[in-house]
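Numbering (the numbering used here), first residue to last: 595 to 691.
Where is the CB? At the ideal position from N, CA and C, for every residue including glycine.
Take a look at the structure below.
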């Protein structure tokens, strides 16, 4: 029998948190002047989920959530992933990405 405490997710590393913040910033930038409500409706992602992703409060959103948002924002998923994975020598997100 598996207990609840066995299923608790381990804490995120600083690098994982930085990637989540980078993803949020990229999506926020791609949204531009469009409202969160407009993007949420176009993607099928709840407004509150979009808000949390953009704020970095959901640093590891589900793959299909990211795909739906990328499609609604006309952003290339591979480019988005590459930009979020780019790091400098210290392990922090690269400013060039």
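Buried or exposed (CB count within 10 angstroms, at least 16 for buried), residue 606: By the neighbour-count definition (other C-beta atoms within 10 Å, threshold 16), residue 606 is an exposed residue.
Per-residue burial, residue 626 [other beta carbons within 10 Å of its own, 16 or more giving buried]: Flag for residue 626 reads exposed.
Three-state class that DSSP yields for residue 647 in the structure shown: DSSP places residue 647 in helix when its eight states are reduced to three.
Euclidean distance between Cα positions of residue 668 and residue 651: Separation of residue 668 and residue 651 (C-alpha to C-alpha, rounded to the nearest whole angstrom) is 23 Å.
Alpha carbon of residue 631 to alpha carbon of residue 602, nearest angstrom: When rounded, the distance between both Cα atoms is 32 Å.
Cβ shell of residue 645 (< 7 Å), same chain only, five flanking positions each side left out: The answer, listed in chain order, is 630.
Residue of 624, 655, 628, 622 minimising C-alpha distance to residue 611: When the alpha-carbon of residue 611 is set against those of 624, 655, 628, 622, the nearest one is in 655.
Range covered by the alpha helix (DSSP H) that runs through residue 659: 657-667 is the span of the alpha helix (DSSP H), which, as asked, contains residue 659.
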